[in-house]
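K.L.:
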Amino acid sequence: MVATRAGVRRVDDDGLALWGFGDRAVDVLFDGRRVWSFWLERDTRTSLPGARSIEWPAALRKFLDGRSRLTVTEHVSGRVLYDQERAFGTADTRIEMVGRSGAPISLDKSNRISPTFDTRSPADVLPLLTAISTVLDAIASAGIDAFLAYGTLLGAIREQKFLGHDSDADLAYVSAHSHPVDVVRESFRLQRAVQERGFHTYRYSGAAFRIDVKEGDGVVRGLDVFAGFIDDGVLYVMGEIAADFRRDWVYPVRTCTLEGQSFPAPAVPERWLEASYGPSWAVPDPAFQFTTSDRTVRQLSGWFRGTSTNRAAWERAYSGARGKLPTAKPSALARKAASYLSSGGTVIDLGAGRGADSLWLARQGLSVRAYDYVPTAAQAVQQTALDEELDLDVRMVNLNEWRTVLAEGARMARVDGPRVMIARHTADATNRFGRQALARFASMSLRGGGRLFLDVWTGPGRTPDRLKPVPIDEVARELSAQGARILVTRERPARAGSQRSSRGRLVAQWD
Numbered sequence: 001m002v003a004t005r006a007g008v009r010r011v012d013d014d015g016l017a018l019w020g021f022g023d024r025a026v027d028v029l030f031d032g033r034r035v036w037s038f039w040l041e042r043d044t045r046t047s048l049p050g051a052r053s054i055e056w057p058a059a060l061r062k063f064l065d066g067r068s069r070l071t072v073t074e075h076v077s078g079r080v081l082y083d084q085e086r087a088f089g090t091a092d093t094r095i096e097m098v099g100r101s102g103a104p105i106s107l108d109k110s111n112r113i114s115p116t117f118d119t120r121s122p123a124d125v126l127p128l129l130t131a132i133s134t135v136l137d138a139i140a141s142a143g144i145d146a147f148l149a150y151g152t153l154l155g156a157i158r159e160q161k162f163l164g165h166d167s168d169a170d171l172a173y174v175s176a177h178s179h180p181v182d183v184v185r186e187s188f189r190l191q192r193a194v195q196e197r198g199f200h201t202y203r204y205s206g207a208a209f210r211i212d213v214k215e216g217d218g219v220v221r222g223l224d225v226f227a228g229f230i231d232d233g234v235l236y237v238m239g240e241i242a243a244d245f246r247r248d249w250v251y252p253v254r255t256c257t258l259e260g261q262s263f264p265a266p267a268v269p270e271r272w273l274e275a276s277y278g279p280s281w282a283v284p285d286p287a288f289q290f291t292t293s294d295r296t297v298r299q300l301s302g303w304f305r306g307t308s309t310n311r312a313a314w315e316r317a318y319s320g321a322r323g324k325l326p327t328a329k330p331s332a333l334a335r336k337a338a339s340y341l342s343s344g345g346t347v348i349d350l351g352a353g354r355g356a357d358s359l360w361l362a363r364q365g366l367s368v369r370a371y372d373y374v375p376t377a378a379q380a381v382q383q384t385a386l387d388e389e390l391d392l393d394v395r396m397v398n399l400n401e402w403r404t405v406l407a408e409g410a411r412m413a414r415v416d417g418p419r420v421m422i423a424r425h426t427a428d429a430t431n432r433f434g435r436q437a438l439a440r441f442a443s444m445s446l447r448g449g450g451r452l453f454l455d456v457w458t459g460p461g462r463t464p465d466r467l468k469p470v471p472i473d474e475v476a477r478e479l480s481a482q483g484a485r486i487l488v489t490r491e492r493p494a495r496a497g498s499q500r501s502s503r504g505r506l507v508a509q510w511d
């Protein structure tokens, strides 16, 4: 019989050293509050049988400076493996793990810093419960019966409340359609119905979108809406599920209780939860990880995620700096744009990122439209612009789909006065379709004498993460195909001995 006991051998600034056999969920508490959970075997490294170690997650390290009562427990049994006062770093104050809003934070199952529900009061979650009701009503008015799903359904069925370690809310529905194209069209229709109720939404993929809900203390909570459909007896749901299923396990919906309120649930919620979390769904697991098959991931990505290429990677890249004002100096492209518009005009900053150039340009008295794949990266800049009463608007454009390119291109075509577009390492952050979309967006935005200033890595050699070199002549051909007159193409080779890629600069104009 395999031993199932475990313990903690050491805790230090680097992480935890443990011993034990038999996998199980383990909680780490600071001053009595759960902050992190992991699995004893799945998530740790081992050098000798039974000897295990795990490092502090990067998201927690910045908080580890001070003192705290550190407790390590088995999640299900509650057995205490470690409980001591500990000092980390050099500070002599109590460790406070709080977010920018001041709300206590924990790591959710995706190891993201969030105000999880175990730190929230009934008053805190009331706006979210109200939003769930309103969104369900909006979707119903469009002819669809949606219901609680994923962790929200699990909490309702198992505990009649939000799961303490969860950090968002989930809804789903099963479409009457069986073709992915029809499912996508329907999802966009439902998103519009929700937006008509005054909500701000953000689309993850062709079959999933998020509603942002502001709680009473300013914490923004995500409410996700996932589309599903049944084809040849298999249920497919974004998030992601592919399981043999019957439609009468979904509809007609029944009711369940969440935080004292009644909400719709699938007809047989146990079947839905098993499809979501496996046969052990009833066992609490704050460190749950989906083990979706590669085949299912490829299917759902091919059907619904074609327009979201690499977005998760860009969101992760910006997540650590979100809410912080960028301190970078203005780029050469920003200075050229300001010089060209010395008498005033509009700058379109395509691929604005955190918005350092956009803010600098707005402070020069220019009208600025900052476009990015991940517009939340420039939240701090947008707020600063509002505080300083600058003419700066941060907007989303997705070069992987025509929907936003054509809509925003039409918007910019109606702007009066001189216009300049800067695209600093945007062409090398996307694919061929994206570069063609960039050219189309520039063509629509800059007709009548507008000018484009573009920087791109041209290779070969090393480039920053997520950027791939593109020959400058190829970029010029794509712009020319959209009516551009190429004024300048210049390539600067890497310094001798450097492993960096060469860089190109292009200036184009639409007469």
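Sequential numbering of the sequence shown, starting at 1, is according to the numbering used here.
All C-beta atoms, glycine included, are put in the ideal place defined by N, C-alpha and C.
Every value quoted in this text rests on a predicted model; they were computed, and no experiment measured them.
Would you tell me roughly how many angstroms separate the C-alpha atoms of Y150 and R492, rounded to the nearest one?
P.N.:
Start at 1 with the first residue of the sequence shown, and residue 150 comes out as number 150. Start at 1 with the first residue of the sequence shown, and residue 492 comes out as number 492. Rounded to whole angstroms, the gap between the alpha carbons of Y150 and R492 is 52 Å.
K.L.:
Where do the ends of the alpha helix (DSSP H) carrying D349 lie?
P.N.:
Position 349 of the sequence shown, counting from 1, holds the residue named residue 349. Note, D349: premise wrong, no alpha helix (DSSP H); beta strand (DSSP E) at T346 to L350.
K.L.:
Roughly how many whole angstroms lie between the Cα atoms of V368 and M97?
P.N.:
Counting from one through the sequence shown, the residue named residue 368 turns up at place 368. Counting from one through the sequence shown, the residue named residue 97 turns up at place 97. Going from the Cα of V368 to the Cα of M97 covers about 37 Å.
K.L.:
Tell whether a beta-carbon distance below 8 Å holds between A6 and L107.
P.N.:
In the sequence shown, residue 6 corresponds to position 6, counting from 1. In the sequence shown, residue 107 corresponds to position 107, counting from 1. No, these two residues do not count as a Cβ contact at 8 Å.
K.L.:
Could you pull the DSSP bridge partners for L283 from this structure?
P.N.:
As a first step, residue 283 must be located in the sequence shown, where it is residue number 283. Residue identity differs from the one stated: residue 283 is Val in this sequence, not Leu. Looking at the DSSP assignment, V283 forms no beta bridge with any residue, so it has no partner.
K.L.:
Helix, strand or coil: which one does DSSP assign to D92?
P.N.:
Your numbering for residue 92 matches position 92 in the sequence shown. The answer is coil: DSSP assigns D92 none of H, G, I, E or B.
K.L.:
Measuring alpha carbon to alpha carbon, tell me which residue in T93, F188, L300 and M421 is nearest R447.
P.N.:
Within the sequence shown, the letter at position 447 stands for residue 447. Among T93, F188, L300 and M421, the Cα nearest to that of R447 is on M421.
K.L.:
By how many angstroms is the C-alpha of R52 removed from the C-alpha of R527?
P.N.:
The shown model of the chain, from 1 to 511, leaves out residue 527, and the question about it has no answer.
K.L.:
Count Cβ pairs between the segment 351-358 and the segment 376-394 that sit closer than 8 Å; are there 3 or more?
P.N.:
yes
K.L.:
Nearest CA to the CA of L136: which residue from T90, M238, V194 and I95?
P.N.:
Taking the sequence shown and counting its residues from 1, the one referred to as residue 136 is at position 136. When each option's Cα is compared against that of L136, the closest is V194.
K.L.:
Under 8 Å, do A362 and L390 count as touching if we go by C-beta distance?
P.N.:
If you number the sequence shown from 1, residue 362 lands on position 362. If you number the sequence shown from 1, residue 390 lands on position 390. Cβ atoms of A362 and L390: closer than 8 Å.
K.L.:
For the segment 468-488 and the segment 426-440, state whether three or more C-beta atom pairs, one from each stretch, are separated by less than 8 Å.
P.N.:
Touching, yes, given that three or more Cβ pairs across the two stretches are closer than 8 Å.
K.L.:
DSSP three-state call for M1: helix, strand or coil?
P.N.:
Against the sequence shown, residue 1 aligns to sequence position 1. With a pLDDT of only 35 at M1, under 50, the local geometry of the prediction cannot be trusted, and no value is derived from it.
K.L.:
Determine the extent of the beta strand (DSSP E) in which P264 is found, giving its start and end residues.
P.N.:
Working through the sequence shown from its first residue, we reach residue 264 at position 264. Counting along the chain, the beta strand (DSSP E) containing P264 begins and ends at Q261 to A265.
K.L.:
Under three-state DSSP, which class holds R335?
P.N.:
Here residue 335 refers to the residue found at position 335 when the sequence shown is read from its first residue. Note: R335 maps to helix in three-state DSSP.
K.L.:
What does a CB cutoff of less than 6 Å around R505 pick up in its chain, not counting 5 residues either side in sequence?
P.N.:
Reading the sequence shown from its first residue, position 505 is the one you call residue 505. Correct list, in chain order: D455 and R490.
K.L.:
Which word fits V2, buried or exposed, when buried means at least 16 other C-beta atoms lie within 10 angstroms of its C-beta?
P.N.:
Start at 1 with the first residue of the sequence shown, and residue 2 comes out as number 2. With a pLDDT of only 43 at V2, under the threshold of 50, the placement of this residue in the model should not be trusted; the figure read from the coordinates follows. Answer is exposed; the Cβ neighbour count stays below 16.
K.L.:
With a 10 Å radius around its C-beta and 16 neighbouring C-beta atoms as the bar for buried, classify R9 as buried or exposed.
P.N.:
Counting from one through the sequence shown, the residue named residue 9 turns up at place 9. Classification for R9: exposed.
K.L.:
Taking the continuous alpha helix (DSSP H) assigned at D357, which residues delimit it?
P.N.:
Taking the first residue of the sequence shown as 1, we reach residue 357 at position 357. It spans A356 to R363 - the alpha helix (DSSP H) in which D357 sits, taken as one unbroken run.
K.L.:
Could you say which of L325, R419, A442 and R221 lies nearest to A427 if we only look at CA atoms?
P.N.:
By 1-based counting over the sequence shown, the position of residue 427 is 427. Among L325, R419, A442 and R221, the Cα nearest to that of A427 belongs to A442.
K.L.:
At what residues does the beta strand (DSSP E) containing Y552 begin and finish?
P.N.:
The first residue shown for the chain is 1 and the last is 511, placing residue 552 beyond what the model contains.
K.L.:
Consider the Cβ of S114: report whether some Cβ of chain D lies at a distance smaller than 8 Å.
P.N.:
Note that chain D does not occur in the displayed structure, where there is just one protein chain.
K.L.:
Within the same chain, show all residues whose beta-carbon is closer than 8 Å to that of L64, passing over the 5 residues directly before and after it, in chain order.
P.N.:
Sequence index remark: in the sequence shown, residue 64 carries index 64 (1-based). Answer for L64: D13, W56, F88, G89 and I95, listed in chain order.
K.L.:
Considering Cα atoms alone, identify which of I211, T255 and D244 is closest to I157.
P.N.:
Here residue 157 corresponds to residue number 157 of the sequence shown, with the count starting at 1. The shortest Cα separation from I157 among I211, T255 and D244 belongs to T255.
K.L.:
Based on the DSSP secondary-structure assignment, which residues constitute the bridge partners of E55?
P.N.:
Here the question's residue 55 lines up with position 55 in the sequence shown. G15, per the DSSP bridge assignment.
K.L.:
Whole-angstrom Cβ separation of K161 and L223, contact assumed at under 8 Å?
P.N.:
Walking along the sequence shown from the start, residue 161 turns up at place 161. Walking along the sequence shown from the start, residue 223 turns up at place 223. With a Cβ gap of about 16 Å, K161 and L223 do not count as contacting.
K.L.:
Cβ atoms of D83 and T71: under 8 Å apart, would you say?
P.N.:
On the sequence shown, position 71 is the one that residue 71 refers to. On the sequence shown, position 83 is the one that residue 83 refers to. Against a cut-off of 8 Å, the Cβ pair of D83 and T71 comes out as a contact.
K.L.:
Grouping DSSP H, G and I as helix and E and B as strand, with all else coil, what is G7?
P.N.:
Against the sequence shown, residue 7 aligns to sequence position 7. G7: strand per DSSP, three-state reduction.
K.L.:
What's the call for Q499, buried or exposed, on a 16-neighbour Cβ count within 10 Å?
P.N.:
Your numbering for residue 499 matches position 499 in the sequence shown. It is exposed - the Cβ of Q499 has fewer than 16 other Cβ atoms within 10 Å.
K.L.:
Between A287 and W39, which are expected to be in contact by the criterion C-beta below 8 Å, what is the C-beta distance as a whole number of angstroms?
P.N.:
What you label residue 287 is simply residue 287 of the sequence shown in a count that begins at 1. What you label residue 39 is simply residue 39 of the sequence shown in a count that begins at 1. Indeed they touch by this definition, with Cβ atoms about 5 Å apart.
K.L.:
Counting only runs of 3+ residues fully inside the segment 198-235, write out the beta strand (DSSP E) ranges in chain order.
P.N.:
200-205, 208-214 and 220-231
K.L.:
Where does A496 sit, in a helix, a strand or coil, going by DSSP?
P.N.:
Here residue 496 corresponds to residue number 496 of the sequence shown, with the count starting at 1. Coil at A496, not helix or strand.
K.L.:
Residue range of the beta strand (DSSP E) that A378 falls in?
P.N.:
Within the sequence shown, residue 378 is the residue found at index 378, counting from 1. Premise fails: A378 is in no beta strand (DSSP E) and is neither H nor E.
K.L.:
Give a yes or no on contact between the segment 277-286 and the segment 23-40, applying the rule of three or more CB pairs nearer than 8 Å.
P.N.:
yes
K.L.:
Give the single residue among L273, P460 and H425 whose Cα lies nearest to the Cα of F453.
P.N.:
Position 453 of the sequence shown, counted from the start, is the residue given in the question as residue 453. Minimum Cα distance to F453 is reached at H425.
K.L.:
Would you list, in sequence order, the uninterrupted beta strand (DSSP E) runs of no fewer than 3 residues that lie entirely inside the segment 389-448?
P.N.:
392-396 and 419-424
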